[in-house]
Structure formats: structure tokens, C-alpha cells
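Quick note: the sequence shown uses numbering that gives the first Met the number 0, first residue 0, plus one each step.
Yeah, the Cβ is synthetic: ideal placement off N, Cα and C, and Gly gets one too.
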Amino acid sequence: MIIAIDGPAGSGKSTVAKIVADKLNFRYIDTGSMYRSVAWKSLQKDAALKDEDAVADNAS
């Protein structure tokens, strides 16, 4: 099962997600951190962020 929580910045999405994951014994994954790490790796490798293939390669 995948549960996605959406909302504006600072609205408590991560807090709610962590509580729900804990209560349901689910794994919590912070996709915002995942996105930022792929962007950082792409920038470190001088990949054009509009180059979807290059960014996808950096995500794997």
C-alpha cells in the first residue's frame, strides 16, 4: 500500500506521515529528501537538470 500526503510547506505533512507510518507499522519514506539528493548528485556530475535521462541515471 502506498499513502501519499500532500499539502503546503510547513503544514505538518512529515509529522503526520511519520505518525501514520508508526501506527500502521509502515515504512516512512521522505520523498522530498530523495528528490533533493538526486538533484544534488546531478549537479555534482554537471548534468543538465532538464535532461531527464541524465537525472534518471543519477537516481539509480
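Can you have a look at residue i and say buried or exposed, based on whether 16 or more other CB atoms are within 10 angstroms of its CB?
| i | result |
| --- | --- |
| N57 | buried |
| S41 | buried |
Determine the extent of the alpha helix (DSSP H) in which residue i is found, giving its start and end residues.
| i | result |
| --- | --- |
| Y34 | 30-43 |
| N57 | 51-58 |
| A16 | 12-23 |
Check each candidate in the options and name the one with the smallest Cα separation from residue i.
| i | options | result |
| --- | --- | --- |
| I28 | I4, S59, V54, A55 | I4 |
| S36 | S59, M0, D21 | S59 |
Return the CA-CA distance between residue i and residue j, expressed in angstroms with no decimal places.
| i | j | result |
| --- | --- | --- |
| Y34 | V54 | 10 Å |
| K44 | V19 | 36 Å |
| T14 | L48 | 30 Å |
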